[in-house]
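In this note's numbering, the protein residues as written are 65 to 137.
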């Protein structure tokens with residue numbers, strides 16, 4: 065079983081690890097955006113790109129930032 069790392073797509077902060085890769089795909093596999101948030105690196109590690117609470121708060125205050133893939137450079 066492969067662990068799935070969850071991190072913020074904007075600030076790259078770690079948001080935890082889910083040990084059951086199959087469960088992650090069960091949860092997000094039905095969503096139309098699933099392929100956009102799941103990444104596989106060269107070492108075969110799976111990560112899920114989410115939005116942390118801090119970045120979500122910034123986006124709520126600045127909705128125009130949703131147009132960008134990331135707003136922290």
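Backbone N, C-alpha and C define an ideal beta-carbon position, used for all residues, glycine too. Remember, it's a predicted structure, so these values are computed and weren't measured experimentally.
| query | By how many angstroms is the C-alpha of residue 128 removed from the C-alpha of residue 71? | reply | 22 Å
| task | Could you tell me if residue 74 is buried or exposed, where buried requires 16 or more neighbouring beta carbons within 10 angstroms of its beta carbon? | result | buried
| field | Buried versus exposed call for residue 112 [16 or more other C-beta atoms within 10 Å across all chains shown] | value | buried
| residue 119 - containing alpha helix (DSSP H), residue span | 117 to 125
| said: Pull the bridge partners of residue 66 from the DSSP assignment, please. | reply: For residue 66, which the question treats as bridged, DSSP gives no partner whatsoever.
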